[in-house]
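Trainee:
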Amino acid sequence: MPAQSKYLTTGGQRAVKIITGILGGYLLSASFHLLMASFPAIRDVVIILSSFSFFIIWAGLLLLAFLAKNAWNALFLYLVLSLVFGGAFWYLKSAL
Amino acid sequence: MMKLKGFANRPYNIFFHLHTVSGIVLAVGLFVIFFAGAFTLFKSEFYLWESPQARTSEIRDFHVSRVLDALKSGNVAFDLNDETFLSLPTAEHPLVQIFAHIKPEKEGGSEIHYSGKMDPVSYQMLDKPGSTVGETLYKLHFFDQIPYAGRWIAGFVSLFFIFATITGVLVHWKNILTKFWAYGFKGTWKQIWTNAHTVFGMLGLPYQFMYAVTGSFYLLLFLVLMPTVILLYGGSPEKVFKLAYPMYNMEYSEDAKAADYTGGIAAIQRKWEAAYGKDYTLTGIQTNHLLREDAGVTYRMTSKDPKIFFSSAYVGYRLKEGKEVFSSLPQDKRFTYKVIESIMHLHFASFGGLLVKAVYFVMALFSCFVFVSGILIWKEARDNNRYTAAQKRFHWQVTRVFLAICFTLFPAVAVLFSAELLVPATDHVFRVNTIFFVSWLLLSLAAMRFSSERAITRFSLWLGGLFSLLVPLVNGFVTGDWFWKTSVTQVWATDLFWLATGLLSFSVCHFMRLPEQPGPREPVPGGRKVRIIRETREKRVTPGVSRF
Numbered sequence: 008m009p010a011q012s013k014y015l016t017t018g019g020q021r022a023v024k025i026i027t028g029i030l031g032g033y034l035l036s037a038s039f040h041l042l043m044a045s046f047p048a049i050r051d052v053v054i055i056l057s058s059f060s061f062f063i064i065w066a067g068l069l070l071l072a073f074l075a076k077n078a079w080n081a082l083f084l085y086l087v088l089s090l091v092f093g094g095a096f097w098y099l100k101s102a103l
Numbered sequence: 115m116m117k118l119k120g121f122a123n124r125p126y127n128i129f130f131h132l133h134t135v136s137g138i139v140l141a142v143g144l145f146v147i148f149f150a151g152a153f154t155l156f157k158s159e160f161y162l163w164e165s166p167q168a169r170t171s172e173i174r175d176f177h178v179s180r181v182l183d184a185l186k187s188g189n190v191a192f193d194l195n196d197e198t199f200l201s202l203p204t205a206e207h208p209l210v211q212i213f214a215h216i217k218p219e220k221e222g223g224s225e226i227h228y229s230g231k232m233d234p235v236s237y238q239m240l241d242k243p244g245s246t247v248g249e250t251l252y253k254l255h256f257f258d259q260i261p262y263a264g265r266w267i268a269g270f271v272s273l274f275f276i277f278a279t280i281t282g283v284l285v286h287w288k289n290i291l292t293k294f295w296a297y298g299f300k301g302t303w304k305q306i307w308t309n310a311h312t313v314f315g316m317l318g319l320p321y322q323f324m325y326a327v328t329g330s331f332y333l334l335l336f337l338v339l340m341p342t343v344i345l346l347y348g349g350s351p352e353k354v355f356k357l358a359y360p361m362y363n364m365e366y367s368e369d370a371k372a373a374d375y376t377g378g379i380a381a382i383q384r385k386w387e388a389a390y391g392k393d394y395t396l397t398g399i400q401t402n403h404l405l406r407e408d409a410g411v412t413y414r415m416t417s418k419d420p421k422i423f424f425s426s427a428y429v430g431y432r433l434k435e436g437k438e439v440f441s442s443l444p445q446d447k448r449f450t451y452k453v454i455e456s457i458m459h460l461h462f463a464s465f466g467g468l469l470v471k472a473v474y475f476v477m478a479l480f481s482c483f484v485f486v487s488g489i490l491i492w493k494e495a496r497d498n499n500r501y502t503a504a505q506k507r508f509h510w511q512v513t514r515v516f517l518a519i520c521f522t523l524f525p526a527v528a529v530l531f532s533a534e535l536l537v538p539a540t541d542h543v544f545r546v547n548t549i550f551f552v553s554w555l556l557l558s559l560a561a562m563r564f565s566s567e568r569a570i571t572r573f574s575l576w577l578g579g580l581f582s583l584l585v586p587l588v589n590g591f592v593t594g595d596w597f598w599k600t601s602v603t604q605v606w607a608t609d610l611f612w613l614a615t616g617l618l619s620f621s622v623c624h625f626m627r628l629p630e631q632p633g634p635r636e637p638v639p640g641g642r643k644v645r646i647i648r649e650t651r652e653k654r655v656t657p658g659v660s661r662f
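So the protein lines, in turn, are chains A and B.
Its first residue numbered 8, the first sequence is counted upward by one per residue in this note's numbering.
Its first residue numbered 115, the second sequence is counted upward by one per residue in this note's numbering.
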């Protein structure tokens, strides 16, 4: 039996979730890896491992976006976290 | 056996839907990628089969210095002060492959990449490659024949394949232990396809996940590195290359004076033989600043010890002094090099020899089976009274089109092999590729016209079997190297592979008992009552085991 439609989102909510998952997931995965790479001691290893962990985290975030009850909350959360990680990276890059 | 705790209804249905949607969108693309990729694993093994002129050529007295001389004096304006990579000829692949740069027409123009082949006996550049089967299937496995968009499409297919693999595991989570070996031919067709899909998906999970990730790596790495390179390294990707590959750590000065020390390569070759020739096989040579004072050359080699996984090794020399500058050997390799190297070995099955490649090949076909059974579940699960007749017909037609495209790739690949030897040399590659793609198109259009999946399957198996049997015949008649006569392993092995494939295909076609399903179930007259009866029956067949 196919999935029961009463649990699924449709229309605008679904569109926002897809955008959140693909673009927001990319930004969040990128900013997370940048933040990790801002610590000089582990930078090389993080950059090299990101060549595959980036994709796994991206795909995982795409999945998580669809679990949200409200798509706008998910988009907001992804963008805020990306900004926090990105800001921390920017600060640490010059501080460390 | 222990049953794992399932997910609540909401997340379960969300995972389920995501798996269904991503699966049905990706299925055909993944089938083509895995089917063509399976053959690509043996690209260099069947090279001697596809190019008869190479079967007799013997490489004697091959010198790298003569390749360099040919590059310097040839009629292509190479920029040898940029990176140049030569992949060296082997007995089974007797060609020098050249990856170089051409001088831009204007000063400061953007660099032009060049890739070409050279005959290792005459040191002549080969303008057009003489054969294409391996190359065609290799390109097909990342849709490179589609201009511009092909690699990106294949890249995102890989990325979403990670997604489909994760959602698949989550959907199957509750039964992951109990149904590990649940494959069988009992129950309704929907159950058979479901069991096949989950069991083969489960057994192939590490393999498929690995390919989803490494496939993304090869096609979408740009997206991963872009933020790092721009924000951390000021736009120069060389620093990331340095982490990934040892040879990028050789320093070159932009102020180095023009000078030609290429003659020094002979002495370096002797030095390399003495130091590494016993334990390593030379596979390629990379040069930079070749016509400057600080010219450098890196020897790429693989360990002869079959037990080493990280078998790649590198030694760098300066041409002027002939001195060894750096070495990166299996025993003292940096962690970051190992990561990138392991991605390469896993993706190309370049470890463990032919046995690993054979296992990879079978696993790739299993994966194709997972994709096809997924399409069939999708259709079967929708063949009930919840859907209108028009919807059901649509599901049925989509399934038919998808199966036709997937299954006729098999006979088309067999046609491709025969076409390679039958088509004359003039405009060879273009004609062979045209024959391949047109025959795939015509075969799939013909298969789509059948009304049942059984007919599509039988049609593809019959023609696939027939064309497979033709492959050794064509080789025998065209080249005279019948598989019982030739001494070239790659030639008789390829012939025997196709012979066995043909026979197997015919016997599967003969012994397989697929049901005749001429179309979707007609809506049951009387509606609701009958539907309820069928639902309860279906529930009895699967007592709380499957949630599909």
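Note that CB positions come from ideal geometry on N, CA and C, so glycine has one too.
These numbers were taken from a predicted model, which means no experiment stands behind them.
On a Cα-Cα basis, can you pick out the residue from Thr198/B, Lys506/B, Thr170/B and Ala472/B that is closest to glycine 153/B?
Mentor: Within the second sequence, numbered from 1, the residue matching residue 153/B stands at position 39. As written in the sequence, residue 153/B is phenylalanine, which differs from the glycine given in the question. Here the closest residue by C-alpha is Ala472/B.
Trainee: For phenylalanine 274/B and alanine 150/B, what's the separation of their Cα atoms in angstroms?
Mentor: By 1-based counting over the second sequence, the position of residue 274/B is 160. By 1-based counting over the second sequence, the position of residue 150/B is 36. When rounded, the distance between both Cα atoms is 19 Å.
Trainee: For the segment 126 to 134 of chain B and the segment 284 to 302 of chain B, state whether three or more C-beta atom pairs, one from each stretch, are separated by less than 8 Å.
Mentor: Judged by Cβ distances under 8 Å, the segment 126 to 134 of chain B makes contact with the segment 284 to 302 of chain B, as three or more pairs qualify.
Trainee: Between leucine 335/B and chain A, is there a C-beta pair that is closer than 8 Å?
Mentor: As a first step, residue 335/B must be located in the second sequence, where it is residue number 221. Leucine 335/B counts as touching chain A.
Trainee: Residues of chain B with CB closer than 7 Å to the CB of alanine 66/A, please, in chain order.
Mentor: Sequence index remark: in the first sequence, residue 66/A carries index 59 (1-based). Those are Leu273, Ile276, Phe277 and Ile280, listed as they occur along chain B.
Trainee: Start and end of the beta strand (DSSP E) containing methionine 415/B?
Mentor: Position 301 of the second sequence, counted from the start, is the residue given in the question as residue 415/B. From DSSP, the beta strand (DSSP E) with methionine 415/B extends over 410 to 417.
Trainee: Report, in whole angstroms, the separation of the C-beta atoms of threonine 60/B and phenylalanine 550/B, which I expect to be a contact under 8 Å.
Mentor: Chain B is shown from 115 up to 662; residue 60/B falls before or after that span and cannot be answered.
Trainee: What does alanine 37/A reach in chain B if we use C-beta pairs closer than 7 Å?
Mentor: By 1-based counting over the first sequence, the position of residue 37/A is 30. By Cβ distance, chain B contributes Pro341.
Trainee: Below 8 Å on the Cβ atoms is my guess for serine 36/A versus leucine 84/A; work out the distance and round it to an integer in Å.
Mentor: Residue mapping note: residue 36/A aligns to position 29 of the first sequence, counting from 1. Residue mapping note: residue 84/A aligns to position 77 of the first sequence, counting from 1. The Cβ separation is near 14 Å, so there is no contact.
Trainee: Starting from the beta carbon of proline 47/A, find every residue of chain B whose beta carbon is closer than 7 Å, and list them in chain order.
Mentor: The residue you call residue 47/A lines up with position 40 of the first sequence. Those do not exist, as proline 47/A stays about 11 Å from chain B at its closest Cβ, beyond 7 Å.
Trainee: DSSP on glutamate 164/B, reduced to helix/strand/coil?
Mentor: By one-based count along the second sequence, residue 164/B stands at place 50. Looking at glutamate 164/B - three-state DSSP - the assignment turns out to be helix.
Trainee: Taking 8 Å as the cut-off, decide whether the C-beta atoms of threonine 198/B and alanine 214/B are in contact.
Mentor: Position 84 of the second sequence, counted from the start, is the residue given in the question as residue 198/B. Position 100 of the second sequence, counted from the start, is the residue given in the question as residue 214/B. Their beta carbons are under 8 Å apart, which means threonine 198/B touches alanine 214/B by this criterion.
Trainee: Could you check if proline 639/B is buried or exposed, using at least 16 other CB atoms within 10 Å of its CB as the buried criterion?
Mentor: Looking up residue 639/B in the second sequence gives position 525. With a pLDDT of 47 at proline 639/B, under the threshold of 50, the predicted position of this residue should be treated as unreliable, though the coordinate-derived value follows. Per the 10 Å Cβ criterion, exposed.
Trainee: Tyrosine 394/B: buried (16+ other C-beta within 10 angstroms of its C-beta) or exposed?
Mentor: Residue numbering aside, residue 394/B sits at position 280 when the second sequence is read from its first letter. Classification for tyrosine 394/B: buried.
Trainee: Touching or not, the segment 300 to 311 of chain B and the segment 156 to 169 of chain B, by the rule of three or more beta carbon pairs under 8 Å?
Mentor: No: the two stretches stay apart, fewer than three of their Cβ pairs being nearer than 8 Å.
Trainee: CA-CA distance, phenylalanine 331/B and isoleucine 54/A?
Mentor: Taking the second sequence and counting its residues from 1, one reaches residue 331/B at position 217. Taking the first sequence and counting its residues from 1, one reaches residue 54/A at position 47. Computed Cα separation, rounded: 13 Å.
Trainee: Counting only beta-carbon atoms, is leucine 11/A nearer than 8 Å to chain B?
Mentor: Indexing the first sequence from 1 puts residue 11/A at position 4. Contrary to the premise, residue 11/A reads as glutamine rather than leucine in this sequence. Judged by the 8 Å Cβ criterion, glutamine 11/A is in contact with chain B.
Trainee: Out of Gly378/B, Phe192/B and Ala607/B, point me to the one whose CA is closest to isoleucine 226/B's CA.
Mentor: In the second sequence, residue 226/B corresponds to position 112, counting from 1. Closest by alpha carbon: Phe192/B.
Trainee: Less than 8 Å between CB atoms is the rule here; does proline 444/B satisfy it with respect to chain A?
Mentor: Counted from its first residue, the second sequence places residue 444/B at position 330. Answer no: the Cβ-Cβ gap between proline 444/B and chain A never drops below 8 Å.
Trainee: Isoleucine 212/B and leucine 200/B: beta carbons closer than 8 Å?
Mentor: The residue labelled residue 212/B in the question sits at position 98 within the second sequence. The residue labelled residue 200/B in the question sits at position 86 within the second sequence. Closer than 8 Å, so yes.
Trainee: Counting only beta-carbon atoms, is arginine 654/B nearer than 8 Å to chain A?
Mentor: Taking the second sequence and counting its residues from 1, the one referred to as residue 654/B is at position 540. Here the model assigns arginine 654/B a pLDDT of 40, short of 50, so the residue's position is not dependable and the matter cannot be decided.
Trainee: Leucine 469/B to leucine 613/B, Cα distance in whole Å?
Mentor: Along the second sequence, one-based indexing puts residue 469/B at 355. Along the second sequence, one-based indexing puts residue 613/B at 499. For leucine 469/B and leucine 613/B, the distance between alpha carbons rounds to 20 Å.
Trainee: Please confirm if isoleucine 26/A has its CB atom under 8 Å from at least one CB of chain B.
Mentor: To locate residue 26/A, count along the first sequence from 1; it is residue 19. So, not an interface residue.
Trainee: Against tyrosine 85/A, what residues of chain B qualify as contacts under a CB-to-CB distance less than 8 Å, listed in chain order?
Mentor: Along the first sequence, one-based indexing puts residue 85/A at 78. Within 8 Å Cβ-Cβ: nothing; tyrosine 85/A doesn't reach chain B, min ~15 Å.
Trainee: State yes or no: is the beta carbon of isoleucine 489/B nearer than 8 Å to at least one beta carbon in chain A?
Mentor: One-based indexing of the second sequence puts residue 489/B at position 375. Taking Cβ atoms only, chain A never reaches closer than 8 Å to isoleucine 489/B, which makes this a no.
Trainee: Counting only C-beta atoms, is arginine 496/B closer than 8 Å to chain A at any point?
Mentor: Here residue 496/B corresponds to residue number 382 of the second sequence, with the count starting at 1. Taking Cβ atoms only, chain A reaches closer than 8 Å to arginine 496/B, which makes this a yes.
Trainee: Could you tell me how far apart the beta carbons of phenylalanine 59/A and leucine 103/A are, in whole angstroms, since I believe they sit closer than 8 Å?
Mentor: Here residue 59/A refers to the residue found at position 52 of the first sequence. Here residue 103/A refers to the residue found at position 96 of the first sequence. About 25 Å; that fails the 8 Å criterion.
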